[in-house]
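What follows is a short report on a single structure.
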Amino acid sequence: MSATRPDMAALWPFVADRPPAEVVTPASRAEAAGEVSRALRHGLSIVPVGAGMRLAEANLMRGVEWLAIDMTGMNRVLAYSPDDMTVVVEPGVTAGALQSALAEAGQFAALGLGSRPSETVGGLVAANAQGRRQCAYGLPRDQLLGFRAALSNGEEVRFGGCTVKNVAGYDMGKLFCGSHGTLGLITELTLRARPLPPVCSTLSPAAPSLADAVAAGMALHLARLLPTCLAATHGVGTALTVEFSGGSDTVAWQIEQARRVAAGCGMQAEAATPPEVEPSPPAIPGPGVAWLRAATVPTALEGLCRSLEPCLSRAAAHVAVGVLEAEVTLREPLDDIERRLFAAGCRHLRWTRLPQSERATRDAWRVPAAQLPLMRAVKAALDPACAFGPGRFAGRI
Amino acid sequence: MLRADQVLTDPVEMLAYECDAYTIHKGRPDVVVHPESTEQCAAVVRLCARMGVPFTPRGTGTGLSGGATPLCGGVVISIMRMNRVLSVSPADLRLRAQAGCINSTITRAAAPYGLHYAPDPSSQTACTVGGNVAENASGPHTLKYGVTANHVSGLTVALPDGSVVELGSDADEPCGYDLVGLCVGSEGTLGIVTEVTVRLTPNPRQVRTLLAVFGSVDDASRTVSRIIALGIVPCALEMMDSIIINALEDAFAMGFPRDAQALLLVELDGLGPGLDAETAAVRDLCSEHNARSVSAAASEEERARLWFARKQGVGVLGRVAPNKVTQDGLIPRSRLPEVLARIRAIAERHSVRLCNIFHAGDGNLHPCVIFDERDPDELRRVLAANEEILRLCVEVGGSITGEHGVGVEKRDAMPLMFSEADLAAMRRVKAAFDPAGLCNPGKIVPEPSAEAVPA
Ligand SMILES: Cc1cc2nc3c(=O)[nH]c(=O)nc-3n(C[C@H](O)[C@H](O)[C@H](O)COP(=O)(O)OP(=O)(O)OC[C@H]3O[C@@H](n4cnc5c(N)ncnc54)[C@H](O)[C@@H]3O)c2cc1C
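Printed below as a string of structure tokens:
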């Protein structure tokens, strides 16, 4: 195994039922495309690997020989135009490196803002992963302006562009965001940058329970302030975390308003150590626990939290966007947990970490079945050789 | 399946369905139908699929790239009568409507809750939300609030085989491949959208609207670049040039100075605190760049009047010349001063009359060429100038369309931006939804070029 990725020995069991036949670390777009072609020639399946922290979010790939393409060697910022607020990067650049490059010109990109600066931008886009600031900036899908990818027909494609608007042709970027590496190998990304807010300030009143924290969060949501984070969190203690960013006047004013709304909900005292807003699941899941990401509407979030109460050990409920990320202790079958969530108004669900014993048999996605035929057709259109992570995606696509 | 009054076959009645607001290409429908529900829509599509007849979805036909033009004849499926708002969930910031619902009707339905639908194309009182989804439409306030794709979470779609599928939901994020994201901007080529779940946006508490008058286009465009570069994010930043100013004066006596070369309409919004300081910063920037005057709308009426002028700015050109083509190029915004100067040179070289009214903050240009199509030489020069402008946009790293779509108008310009491999991938995605190729044929992606077809 390649010395460049010593962690691969620990990671591969969360990707496939066997170790990769080879690990390669391309240093350029041409090399990356070359590796894709070589894998195709040798009949190998392909799994792109960034920092590796979200490999366990997708399904286990079974019964195929595979090539791990380690993208961390392609880690350059290729072009940055502060005046246009656009930046072109290689996918292996880390979120931390990207943000520090942009910060020099007083800007940032609204992805990978959380507690794990070593995640790669390619990985964040492929997982369409966003943390606390989803309510203010949306998902990576809303930041991606253009990209290049190597496909399994041996061709390199480029979609979108480097302008902030663009409607020329199908918006393929939307498909690649959240595709978990199952459509093609992303080799370059163009992202939107934004001006860094001068001030950022947080309020974290303690709450008696997660449901109470969500209810208070809902009161704040209805107050129509402009938080950059509005999350009810639970772990060691429970709190509501509200963050505002912007000019000092507007931030101070909003903090004051938020304090009043929270007090109105009986939550005055700041939590001594508020639980993490982005409780990061471990790259490698432990036994007896699972992590889930459930999506619903804000008004149903409190019910979702209550439905999980008996098994919830850690949670962040992003109130304004109706997203619940939670660690659950598995004292009952996963099916029962799912049933309770859907009965409480969950729209869709992903198991982002599952015990290894479950991963062999369970699809990590709960996507409405009616959409699967179209998703299969899209997969076949973009990955005609079915080389990219076969079986790793929703519906075992 | 449909009542007689839902079907048109009279050639005279069908004339209006031969094209949209881009009138250079036309196609004659064999029949026009007006379904009133998802089920009726799907039934028509099923029939077309069974009989192998092409069909073209149509909203209200305000499109500017020929998207709703039935190039191969067949059935035009007009969703105009599917125009109801189905539900509003103010706490969840969601509204569900039939696809034929007019854009401004959505905002009206949201207004009692202090909410609005953010994408606000100038045509918003006439165009449908289904047409907006198909074109990924945007408007002046896109600069801060994003395009249609950022404001749609769920769709009901009659697929080209006549089956009906729900894509996405009312939840904020997609699950699995983002098929909603793909369908937005697909110009009616992947199926017929029959219902839409949109995201609503709280109305801003405070708004400041400024009008800056410039003696030169160059000064105005440099101001735009500076505002963006300084990290100020106005909610709108629109520019109009002297031909537009004078046409507006002729039509509505707005009180704009007729000798001005450019007007900038700058709007800032927010919760209140800090907004005046930001507004002052924009004022200073305008003055630094030689603005002759900068005035603020003193009342909601004054603000509405300024926006009325901006939204009528294209329509009003009808008074200046019998025909117009509105271009829709996109450029990196830092290149604005340079590109506007080069566009002026192109117009001069081809002796065409060209004016500009556009979303300056996004770099979304709408060079508008006015002409008389009865003069064949002028028409030829107009088309040549148009093509040169598109090439220029691509050359500086931009796009051939920012919001009006490819349709038939720009289909053959797609190779300026995309390689044959890119286009082939788009064709495969289209075929994944529409293997028989009956859904709005002839749009977006050109046929493979002769050299590219394997022997
Ligand atoms: C004066 C004027 C100003 C304009 N200003 C703007 C602007 O500021 N910003 C902007 O983005 N656009 C603007 N436009 C363009 C146009 O209004 C938009 O593209 C609008 O979204 C089209 O909506 P429509 O209902 O008229 O659709 P149509 O023109 O009827 O159709 C447009 C496309 O959508 C498809 N379609 C329509 N309905 C459906 C459906 N239910 N399902 C699937 N496909 C469908 C059609 O096949 C066609 O390809 C302007 C047009 C005019 C005439």
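Chain order of the listed sequences is A and B. Residues 86 to 482 in the working numbering are what the first sequence spells out, letter by letter. Residues 2 to 456 in the working numbering are what the second sequence spells out, letter by letter. Glycine residues also receive a C-beta, built at the ideal position from the N, C-alpha and C atoms.
Counting only the same chain and skipping the five closest in sequence on each side, list residues whose C-beta sits under 8 Å from that of Asp252(B).
In the second sequence, counting from the first residue as 1, residue 252(B) sits at position 251. Checking the displayed sequence, the identity of residue 252(B) turns out to be Ala instead of Asp. Around Ala252(B): Gln313, Val317 and Arg320.
When burial is assigned at 16 or more other CB atoms within 10 Å of the CB, is His35(B) buried or exposed?
By 1-based counting over the second sequence, the position of residue 35(B) is 34. So His35(B) counts as buried.
Taking C-beta to C-beta, are Ala380(A) and Arg432(A) nearer than 8 Å?
Here residue 380(A) is taken as the residue at index 295 of the first sequence, counted from 1. Here residue 432(A) is taken as the residue at index 347 of the first sequence, counted from 1. Yes, they are a contact pair.
By alpha-carbon positions, which one of Ala472(A), Asp468(A), Thr446(A) and Pro469(A) ends up nearest to Gly480(A)?
Stepping through the first sequence from its first residue, residue 480(A) is reached at position 395. Measuring from the Cα of Gly480(A), the nearest candidate turns out to be Thr446(A).
Express the C-alpha separation of Asp179(B) and Phe144(A) in angstroms, rounding to a whole number.
Position 59 of the first sequence, counted from the start, is the residue given in the question as residue 144(A). Position 178 of the second sequence, counted from the start, is the residue given in the question as residue 179(B). The sequence shown places Asn at residue 144(A), rather than the Phe named in the question. Approximately 18 Å between the Cα atoms of the pair.
Does DSSP put Lys325(B) in a helix, a strand or coil?
Residue numbering aside, residue 325(B) sits at position 324 when the second sequence is read from its first letter. Correct three-state label for Lys325(B): strand.
Contact between the stretch 351-366 of chain B and the stretch 138-147 of chain B: three or more CB pairs below 8 Å?
Touching, yes.
Quick check: is any heavy atom of ligand 1 less than 7 Å from the C-beta of Val315(B)?
In the second sequence, the residue the question calls residue 315(B) occupies position 314. Yes, since a heavy atom of ligand 1 falls inside the 7 Å radius drawn around the Cβ of Val315(B).
Does the count of Cβ pairs from the stretch 340-359 of chain B and the stretch 270-281 of chain A closer than 8 Å reach three?
No, the stretch 340-359 of chain B is not in contact with the stretch 270-281 of chain A.
Looking at the structure shown, is Cys42(B) part of a helix, part of a strand, or coil, going by DSSP?
Along the second sequence, read from residue 1 onward, the residue named residue 42(B) stands at position 41. Helix at Cys42(B).
I want to see whether chain A comes within less than 8 Å of Leu168(B), judged by CB atoms only; does it?
Here residue 168(B) is taken as the residue at index 167 of the second sequence, counted from 1. Chain A contact via Cβ: present.
Between Gln228(A) and chain B, is any beta-carbon pair separated by less than 8 Å?
For the purposes of this step, residue 228(A) is taken as residue 143 along the first sequence, with counting starting at 1. Taking Cβ atoms only, chain B never reaches closer than 8 Å to Gln228(A), which makes this a no.
With His306(A) as the anchor, note down where its alpha helix (DSSP H) starts and where it stops.
As a working note, residue 306(A) is residue 221 in the first sequence. Unbroken alpha helix (DSSP H) run through His306(A): Leu295 to Leu307.
Tell me which same chain residues have a C-beta within less than 8 Å of the C-beta of Glu339(B), skipping the five on either side of it?
Counted from its first residue, the second sequence places residue 339(B) at position 338. If we look at Glu339(B) and ignore the five residues flanking it on each side, its Cβ neighbours are Val397.
Can you pull the chain A residues whose beta carbon is under 7 Å from the beta carbon of Asp423(B), in chain order?
Position 422 of the second sequence, counted from the first residue, corresponds to residue 423(B). Those are Val242, Arg243 and Phe244, listed as they occur along chain A.
With 8 Å set as the bound, which would you pick, yes or no: does the beta-carbon of Arg429(B) sit closer than that to a beta-carbon of chain A?
Residue 429(B) sits at position 428 when you count from the first residue of the second sequence. Output row for Arg429(B): interface = yes.
Keeping to the same chain, check which residues put their C-beta closer than 8 Å to that of Met146(A); ignore five residues upstream and five downstream.
Within the first sequence, numbered from 1, the residue matching residue 146(A) stands at position 61. Val100, Ala101, Asp102, Ser130, Val132, Gly474, Pro475, Gly476 and Arg477.
With burial defined as no fewer than 16 other Cβ atoms inside 10 Å of the residue's Cβ, what is the status of Gly371(A): buried or exposed?
Along the first sequence, read from residue 1 onward, the residue named residue 371(A) stands at position 286. Exposed, because fewer than 16 other Cβ atoms sit within 10 Å of the Cβ of Gly371(A).
In whole angstroms, what separates the C-alpha of Gly182(B) from that of Met257(A)?
Mapped onto the second sequence, residue 182(B) falls at position 181. Mapped onto the first sequence, residue 257(A) falls at position 172. Distance between the alpha carbons of Gly182(B) and Met257(A): 8 Å.
Would you mind stating whether Gln150(A) and Ala94(A) have Cβ atoms separated by less than 8 Å?
Taking the first sequence and counting its residues from 1, one reaches residue 150(A) at position 65. Taking the first sequence and counting its residues from 1, one reaches residue 94(A) at position 9. For the record, residue 150(A) in the displayed sequence is Glu; it is not Gln. No, the pair does not count as a contact, with Cβ atoms beyond the cut-off.
According to DSSP, is Ile103(B) helix, strand or coil?
Taking the second sequence and counting its residues from 1, one reaches residue 103(B) at position 102. Here Ile103(B) sits in strand by DSSP.
What residues in its chain sit with their C-beta under 8 Å from that of Ala261(B), if we drop five residues either side in the sequence?
Locating residue 261(B) in the second sequence gives position 260, counting from the first residue. Answer for Ala261(B): Val214, Phe215, Gly216, Ser243, Ile246 and Arg293, listed in chain order.
Helix, strand or coil, according to DSSP, for Tyr165(A) in the structure here?
Numbered from its first residue, the first sequence carries residue 165(A) at position 80. Looking at Tyr165(A) - three-state DSSP - the assignment turns out to be strand.
Quick one: which chain A residues come within Cβ less than 9 Å of Met415(B)?
Counting from one through the second sequence, the residue named residue 415(B) turns up at place 414. Result: Ala253 and Gly254.
I'd like to confirm something about Leu65(B): is its beta-carbon nearer than 7 Å to some heavy atom of ligand 1, or not?
Sequence index remark: in the second sequence, residue 65(B) carries index 64 (1-based). Answer for Leu65(B): yes, Cβ within range of ligand 1.
Taking only heavy atoms of ligand 1 into account, decide whether any of them is closer than 7 Å to the Cβ of Glu188(B).
Within the second sequence, the letter at position 187 stands for residue 188(B). The answer is yes for Glu188(B).
Does the beta-carbon distance from Leu96(B) to Val194(B) come in below 8 Å?
For this step, residue 96(B) is matched to residue 95 along the second sequence. For this step, residue 194(B) is matched to residue 193 along the second sequence. Their beta carbons are not under 8 Å apart, which means Leu96(B) does not touch Val194(B) by this criterion.
Got a sec: which bits of the stretch 112-131 of chain B sit with their beta carbon under 7 Å from any beta carbon on chain A, in order along the chain?
So the list is empty, because no residue satisfies the distance condition.
State the DSSP-derived secondary structure class of His433(A), mapped to helix, strand or coil.
Counting from one through the first sequence, the residue named residue 433(A) turns up at place 348. His433(A): strand per DSSP, three-state reduction.
Return no unless some Cβ of chain A is closer than 8 Å to the Cβ of Phe257(B).
Stepping through the second sequence from its first residue, residue 257(B) is reached at position 256. Not closer than 8 Å to any Cβ of chain A, the Cβ of Phe257(B) fails to qualify, so no.
Distance cutoff 8 Å, beta carbons only. Does Pro133(A) sit that close to anything in chain E?
The chain labelled as chain E is not found among the protein chains of the depicted structure, namely A and B.
In chain A, which residues lie with their C-beta within 8 Å of the C-beta of Thr143(B)?
If you number the second sequence from 1, residue 143(B) lands on position 142. Near Thr143(B) (Cβ distances below 8 Å), the residues of chain A are Lys250.
Using the C-alpha atoms, what's the distance from Asn324(B) back to Cys49(B)?
For this step, residue 49(B) is matched to residue 48 along the second sequence. For this step, residue 324(B) is matched to residue 323 along the second sequence. For Cys49(B) and Asn324(B), the distance between alpha carbons rounds to 35 Å.
Name the chain B residues whose beta carbon is nearer than 7 Å to that of Gln456(A)?
Taking the first sequence and counting its residues from 1, the one referred to as residue 456(A) is at position 371. Those are Val166, Leu168, Gly177 and Leu180, listed as they occur along chain B.
Could you give the C-beta distance for Arg206(B) and Gly273(B), rounded to a whole number, given that I count them as a contact under 8 Å?
Locating residue 206(B) in the second sequence gives position 205, counting from the first residue. Locating residue 273(B) in the second sequence gives position 272, counting from the first residue. Right, the Cβ-Cβ distance comes to about 6 Å (below 8 Å), so this counts as a contact.
Compare the C-beta of Trp376(A) with all C-beta atoms of chain B and state if any pair is closer than 8 Å.
The count along the first sequence starts at 1 and reaches residue 376(A) at position 291. No, no contact with chain B.
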